[in-house]
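Residue numbers (the UniProt record's numbering), protein chains in the order written: chain A, 1 to 302; chain B, 1 to 302.
Report on the structure given below.
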């Protein structure tokens with residue numbers, strides 16, 4: 001038996017629509033209701049038959065739910081929670097998929113003082129956005145981190161964990177502040193750096209954008225993928241997980257300065273040592289199934 | 001008719017072995033001779049039947065060639081050229097595949113004062129190394145930049161261009177110093193940043209390497225691919241293209257500092273504007289066939 005029978009997904013972007021599709025594929029008896037603040041997104045969701053029902057208000061969407069998953073940008077979580085507060089059935093569990101857990105937990109608790117809240121973060125995604133970009137297998141083999149506050153009903157945690165396992169994810173539990181530091185280095189800083197270098201490249205005077213595009217296979221194109229991610233989502237992440245991001249950024253800048261100095265002074269051994277050390281991490285990622293084992297991410301080479 | 005009948009490839013790593021395979025696949029009448037400074041690599045090349053002949057010395061490998069392509073790390077180009085100087089037939093064309101063109105051109109000219117030299121750089125690769133990692137289609141749809149010095153025989157340039165077109169590449173011609181600045185931003189700086197962030201992540205105390213690996217699908221794993229590239233090759237690139245790399249790095253650092261400030265002061269509009277602007281470059285790259293149009297680089301999602 002699935003752990004929930006009526007799931008509401010609020011926010012029908014990449015993650016929300018992938019959850020809806022995952023439920024359809026893996027828990028066909030579960031009734032899925034969707035809602036999105038954008039009327040256009042609701043229309044698209046109906047046109048592609050994403051959910052059993054797409055409601056026209058947040059309140060109506062949760063009225064019969066036993067699980068509500070908030071899939072909106074982290075800066076909009078508090079407002080989304082406030083919108084459902086009056087209609088949330090007693091006993092329903094509220095979860096979310098936000099990339100920052102401390103601030104979101106506080107916002108959800110303030111808006112929903114009585115609800116059972118089990119915050120979650122599935123570490124998965126693509127660079128695409130919107131209800132048509134989701135797919136049922138997005139969470140397969142990926143980790144979903146639960147960050148329940150102390151004192152959360154263990155049965156509620158188990159049900160949310162069971163839900164994510166059925167979507168194909170593996171489960172880890174973590175304190176919210178530790179989550180925010182781990183994700184600052186494994187997700188937030190990489191995005192920040194990718195956005196920066198793509199900006200730097202597009203601002204050069206003597207190298208044209210056309211040249212940047214043509215010769216991007218030298219490495220640059222890898223960065224453009226995550227720099228094409230949703231701007232609202234990522235603005236909110238950086239503003240919300242500010243302290244941890246700034247700390248990781250400081251460490252990165254120090255390391256970059258050290259490398260800059262090694263290049264300026266011709267210290268080839270320092271470069272070689274670092275470049276040798278970094279190969280091990282890639283091997284670990286591939287061995288643990290967190291990336292494609294094929295060269296070049298499995299890109300098509302015809 | 002292929003533009004050459006006897007091609008020698010010196011350095012049988014990813015690029016050299018891909019050229020050998022490409023010749024076999026696309027120019028079957030051309031005789032390919034290979035040489036590598038490593039006896040182990042020569043043995044492997046023989047075992048996998050990479051070339052028609054694998055010679056046991058650089059000199060012997062070029063004795064009957066009409067094209068010699070040097071595929072060694074840029075720091076080893078001068079020595080490799082010096083090794084063949086005494087055996088190079090009159091009229092043979094020498095080319096290379098180095099990622100830095102100014103310094104390599106100087107080194108080749110010094111070692112081979114009489115030869116016809118047409119430097120080239122195919123902007124293609126994967127994170128893998130060695131003779132078994134190459135494949136015939138590596139250059140399909142990628143750009144190969146020729147940087148012949150002024151006064152180079154146009155017929156020689158045409159023959160080298162024809163050779164690369166037959167391997168599937170598109171041809172561009174560029175001044176060596178401009179090449180080095182373009183590649184500093186589209187290839188060298190991305191690698192430097194990727195190596196740095198992977199180093200930063202592996203040095204953290206409170207976030208374990210195991211956590212970095214597990215949650216790498218949040219974005220970090222993208223950087224680990226190019227940070228798994230050949231350490232010798234990349235050490236040489238940074239030491240050789242030092243000035244251009246340091247300049248691009250300076251620009252990147254300034255832009256990163258501006259973003260850091262925007263995060264610290266909560267300037268969401270600045271972040272949003274940059275994150276919106278960077279999407280256009282990704283679109284250009286995909287539209288021009290320089291990356292996979294499928295989400296997530298076409299990674300397998302089962």
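Note that CB positions come from ideal geometry on N, CA and C, so glycine has one too.
Keep in mind the model is a prediction, meaning the values are calculated, not measured.
Problem - Any non-hydrogen atom of the ligand GDP closer than 7 Å to residue 143/A Cβ - result: Of ligands this structure carries none, so the ligand GDP is not represented either.
Practice task
Compare the C-beta of residue 102/A with all C-beta atoms of chain B and state if any pair is closer than 8 Å.
Solution key: Residue mapping note: residue 102/A aligns to position 102 of the first chain, counting from 1. Interface annotation, residue 102/A: not in contact with chain B, CB-CB separation never under 8 Å.
Exercise for the section: From the DSSP output, read off the bridge partner residues of residue 95/A. Expected result: One-based indexing of the first chain puts residue 95/A at position 95. Partner(s): 69/A.
Handout entry: Span of the alpha helix (DSSP H) around residue 172/B
Key = Reading the second chain from its first residue, position 172 is the one you call residue 172/B. Segment 170 to 173 is the beta strand (DSSP E) holding residue 172/B; no alpha helix (DSSP H) there.
Practice task
Just tell me which of 243/A, 282/A and 225/A has its CA closest to the CA of residue 296/B.
Solution key: The residue labelled residue 296/B in the question sits at position 296 within the second chain. If we check each option's Cα against that of residue 296/B, 225/A comes out closest.
Problem - With 16 other Cβ atoms within 10 Å as the buried cut-off, status of residue 83/A - result: The residue you call residue 83/A lines up with position 83 of the first chain. Buried, by the Cβ-count rule.
Practice task
Would you please verify whether the beta carbon of residue 151/A is less than 8 Å from any beta carbon of chain B?
Solution key: As a first step, residue 151/A is located in the first chain; it is residue number 151 there, counting from the start. At a cut-off of 8 Å between C-beta atoms, residue 151/A does not count as an interface residue with respect to chain B.
Handout entry: contact_flag[the segment 41 to 48 of chain B, the segment 67 to 76 of chain B] where n(CB pairs < 8 Å) is 3 or more
Key = With a cut-off of 8 Å, the segment 67 to 76 of chain B and the segment 41 to 48 of chain B do not count as touching, because too few Cβ pairs lie within range.
Practice task
Mind the definition here: the segment 82 to 101 of chain A touches the segment 45 to 62 of chain A only if three or more C-beta pairs lie below 8 Å; say whether that holds.
Solution key: Judged by Cβ distances under 8 Å, the segment 82 to 101 of chain A makes contact with the segment 45 to 62 of chain A, as three or more pairs qualify.
Problem - Within-8 Å CB hit, residue 171/B to chain A - result: Here residue 171/B is taken as the residue at index 171 of the second chain, counted from 1. Between residue 171/B and chain A, the shortest Cβ-Cβ separation is not below 8 Å.
Practice task
Locate the beta strand (DSSP E) running through residue 122/B, then write down its first and last residues.
Solution key: Start at 1 with the first residue of the second chain, and residue 122/B comes out as number 122. Looking at the DSSP string, the run of the beta strand (DSSP E) that includes residue 122/B is 120 to 122.
Exercise for the section: Tell me residue 34/B's beta-bridge partners as DSSP assigns them. Expected result: Taking the first residue of the second chain as position 1, residue 34/B is located at position 34. DSSP lists 9/B and 54/B as partners of residue 34/B.
Problem - Which listed residue (80/A, 18/A and 47/A) has its alpha carbon closest to that of residue 36/A - result: By one-based count along the first chain, residue 36/A stands at place 36. Residue 80/A is the option with its Cα nearest to residue 36/A.
Problem - Residue range of the beta strand (DSSP E) that includes residue 146/A - result: Along the first chain, one-based indexing puts residue 146/A at 146. Its beta strand (DSSP E) spans residues 143 to 146.
Practice task
Tell me where the alpha helix (DSSP H) around residue 275/A begins and ends.
Solution key: Here residue 275/A is taken as the residue at index 275 of the first chain, counted from 1. Residue 275/A -> alpha helix (DSSP H) spans 268 to 287.
Practice task
Let me know the secondary structure DSSP gives residue 48/A once reduced to three states.
Solution key: Taking the first residue of the first chain as 1, we reach residue 48/A at position 48. When DSSP states are grouped into helix, strand and coil, residue 48/A belongs to the coil group.
Handout entry: Cβ-based contacts, 7 Å cut-off: residues of the segment 7 to 26 of chain A near chain B
Key = When C-beta distances to chain B are compared with 7 Å, every residue of the segment 7 to 26 of chain A stays at or above that value.
Exercise for the section: Could you please tell me which residues of the segment 280 to 292 of chain B, in chain order, have their CB closer than 7 Å to any CB of chain A? Expected result: Taking 7 Å as the Cβ-Cβ cut-off against chain A, the residues of the segment 280 to 292 of chain B that qualify are 281, 282, 284, 285, 288, 290, 291 and 292.
Practice task
Please confirm if residue 143/B has its CB atom under 8 Å from at least one CB of chain A.
Solution key: Along the second chain, read from residue 1 onward, the residue named residue 143/B stands at position 143. Taking Cβ atoms only, chain A reaches closer than 8 Å to residue 143/B, which makes this a yes.
Practice task
Kindly indicate which three-state DSSP category residue 116/B falls into: helix, strand or coil?
Solution key: The residue you call residue 116/B lines up with position 116 of the second chain. In the structure shown, the three-state DSSP call for residue 116/B is strand.
Exercise for the section: Report the rounded CA-to-CA distance for residue 125/A versus residue 148/B, giving the unit in angstroms. Expected result: Locating residue 125/A in the first chain gives position 125, counting from the first residue. Locating residue 148/B in the second chain gives position 148, counting from the first residue. Taking C-alpha positions only, residue 125/A is separated from residue 148/B by approximately 44 Å.
Handout entry: Environment of residue 278/B [buried if 16+ CB atoms lie within 10 Å]
Key = Numbered from 1 along the second chain, position 278 holds the residue referred to as residue 278/B. Counting Cβ neighbours within 10 Å, residue 278/B comes out buried, since at least 16 surround it.
Practice task
Give a yes or no on contact between the segment 245 to 253 of chain B and the segment 272 to 290 of chain A, applying the rule of three or more CB pairs nearer than 8 Å.
Solution key: No: the two stretches stay apart, fewer than three of their Cβ pairs being nearer than 8 Å.
Handout entry: alpha helix (DSSP H) runs contained entirely in the segment 191 to 271 of chain A, provided each spans 4 or more residues
Key = Every unbroken stretch of the alpha helix (DSSP H) spanning 4 or more residues and falling wholly within the segment 191 to 271 of chain A is given here in chain order: 209 to 214, 220 to 226, 231 to 240 and 242 to 264.
Practice task
Report buried or exposed for residue 288/B, applying the criterion of at least 16 other Cβ atoms within 10 angstroms of its Cβ.
Solution key: As a working note, residue 288/B is residue 288 in the second chain. Label assigned to residue 288/B: exposed.
Exercise for the section: Answer yes or no: does any C-beta atom of chain A fall closer than 8 Å to that of residue 266/B? Expected result: The residue you call residue 266/B lines up with position 266 of the second chain. For residue 266/B, the answer is yes, since a Cβ of chain A falls inside 8 Å of its Cβ.
Exercise for the section: Assess, as a yes-or-no matter, whether the segment 6 to 14 of chain A is touched by the segment 123 to 139 of chain A under the definition of 3 or more beta carbon pairs within less than 8 Å. Expected result: At 8 Å Cβ cutoff, the stretches touch.
Exercise for the section: Have a look at residue 222/A and residue 222/B and give me their C-alpha separation to the nearest angstrom. Expected result: Along the first chain, one-based indexing puts residue 222/A at 222. Along the second chain, one-based indexing puts residue 222/B at 222. Roughly 7 Å between the two C-alpha positions.
Practice task
Confirm, please, whether the CB-CB distance from residue 51/B to residue 30/B is below 8 Å.
Solution key: Sequence index remark: in the second chain, residue 30/B carries index 30 (1-based). Sequence index remark: in the second chain, residue 51/B carries index 51 (1-based). Contact: no.
Practice task
Could you check the C-alpha separation between residue 176/B and residue 76/B for me, to the nearest Å?
Solution key: Translated into positions along the second chain, residue 176/B becomes position 176. Translated into positions along the second chain, residue 76/B becomes position 76. Rounded to the nearest angstrom, the two C-alpha atoms are 18 Å apart.
Problem - the segment 179 to 190 of chain A contacting the segment 153 to 163 of chain A, beta-carbon criterion three pairs below 8 Å - result: Segments in contact, no.
Problem - Listed by chain order, chain B residues near residue 224/A by CB distance under 8 Å - result: Along the first chain, one-based indexing puts residue 224/A at 224. Neighbours of residue 224/A on chain B, chain order: 278, 281, 282, 285 and 291.
Problem - First through last residue of the alpha helix (DSSP H) which encompasses residue 129/B - result: Looking up residue 129/B in the second chain gives position 129. No alpha helix (DSSP H) holds residue 129/B; DSSP gives it neither H nor E.
Handout entry: Buried/exposed call for residue 1/A, threshold 16 Cβ in 10 Å
Key = Along the first chain, one-based indexing puts residue 1/A at 1. Taking a 10 Å sphere around the C-beta of residue 1/A, we find fewer than 16 other C-beta atoms and assign the residue as exposed.
Practice task
Return no unless some Cβ of chain B is closer than 8 Å to the Cβ of residue 234/A.
Solution key: Looking up residue 234/A in the first chain gives position 234. At a cut-off of 8 Å between beta carbons, residue 234/A contacts chain B.
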